[in-house]
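Right under this line is the structure:
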């Protein structure tokens, strides 16, 4: 994809395929500004806003839910957790119609909240955080309670700092998921100014033909934020997955 974005259209469509371009050029990137009907800057901003808020909410909700399942013993604890975990097996296509009707009835169609709310909590995130919190010895929490610490302080000042590697792993997983969403934005978003970048790429075409080099160029640019996030958090990501898996 990266290499082909530096090819002219004739080379992109050439058979047999040339791995490297005969003439490297950046026209695909500079030509993006010619497509005035596509506000790519706005699309990137939309994706950043949706991803940031959805990931922030997912971290808060999944962390608190995972901690509750791991450290509090209440009736039907395991049963409720199994029900939450079983939702992973339900394909999104099976719930897309009732979800759309719900968002429409709430007046959230064609809005940031309509994109964010369905992605603000994930069963995988709850599972990831629960498994990590299980690795924290109960003795640490009991000692804090004996010292007079409140439940919130135990969670916020003791448990959350110890779980930062798992939180970083959750951030990477969920950022990648939300940033690359396509089906749900295509359904819930109708106005051009509210499009996300994957939606814009899918709908990107010229008047008489699809400009493949430009489409590849914008796809390359869309991958950069995820690469930056992964580079900064990769060490903690591997550590968090390893510790969670060991438990």
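In UniProt numbering, the protein residues as written are 1 to 247.
We treat Cβ as the ideally placed atom computed from N, Cα and C, and that holds for glycine.
Bear in mind that the values here come from a model prediction, so they are computed numbers and not experimental data.
Member of the options whose CA lies at the smallest distance from the CA of residue i
| i | options | result |
| --- | --- | --- |
| residue 138 | 192, 124, 159 | 159 |
| residue 25 | 8, 99, 13, 38 | 8 |
| residue 136 | 202, 72, 203, 37 | 72 |
| residue 122 | 86, 40, 157 | 86 |
| residue 184 | 93, 10, 29, 38 | 93 |
| residue 211 | 29, 17, 104 | 29 |
| residue 18 | 69, 98, 1, 27 | 1 |
| residue 57 | 15, 145, 170 | 170 |
| residue 187 | 153, 108, 83, 152 | 108 |
Beta-carbon spacing of residue i, residue j below 7 Å
| i | j | result |
| --- | --- | --- |
| residue 59 | residue 167 | yes |
| residue 155 | residue 67 | yes |
| residue 117 | residue 53 | no |
| residue 114 | residue 103 | yes |
| residue 110 | residue 190 | yes |
| residue 69 | residue 81 | yes |
| residue 216 | residue 10 | no |
C-alpha distance - residue i paired with residue j, whole-angstrom precision
| i | j | result |
| --- | --- | --- |
| residue 141 | residue 64 | 15 Å |
| residue 61 | residue 164 | 15 Å |
| residue 126 | residue 209 | 45 Å |
| residue 200 | residue 112 | 16 Å |
| residue 316 | residue 77 | The requested residue 316 is not part of the displayed model; the chain covers only 1 to 247. |
| residue 23 | residue 197 | 28 Å |
| residue 21 | residue 12 | 9 Å |
| residue 55 | residue 145 | 31 Å |
| residue 147 | residue 224 | 47 Å |
| residue 40 | residue 143 | 53 Å |
| residue 157 | residue 91 | 37 Å |
| residue 202 | residue 37 | 14 Å |
| residue 231 | residue 220 | 16 Å |
| residue 96 | residue 205 | 26 Å |
| residue 162 | residue 234 | 17 Å |
| residue 27 | residue 51 | 30 Å |
| residue 34 | residue 120 | 36 Å |
| residue 79 | residue 218 | 45 Å |
| residue 98 | residue 152 | 36 Å |
| residue 75 | residue 84 | 15 Å |
Neighbourhood of residue i by C-beta, 6 Å cutoff - its chain only, sequence neighbours within 5 removed
| i | result |
| --- | --- |
| residue 31 | 214 |
| residue 247 | The pLDDT assigned to residue 247 is 47, lower than 50, so where the model puts this residue is not dependable; a value taken from the coordinates is nonetheless given after this. Contacts found: 131, 134, 135. |
| residue 222 | 197 |
Contacts around residue i, its chain only, beta-carbon distance under 8 Å, and the 5 residues preceding and following it disregarded
| i | result |
| --- | --- |
| residue 124 | 88, 173 |
| residue 15 | none |
Chain-order list of residues whose beta-carbon lies under 7 Å from that of residue i (same chain, five-residue window excluded)
| i | result |
| --- | --- |
| residue 226 | 175, 176, 179 |
| residue 42 | 193 |
The region 175-189 / the region 46-54 touching (three or more Cβ pairs under 8 Å)
With the cut-off at 8 Å, the region 175-189 and the region 46-54 touch.
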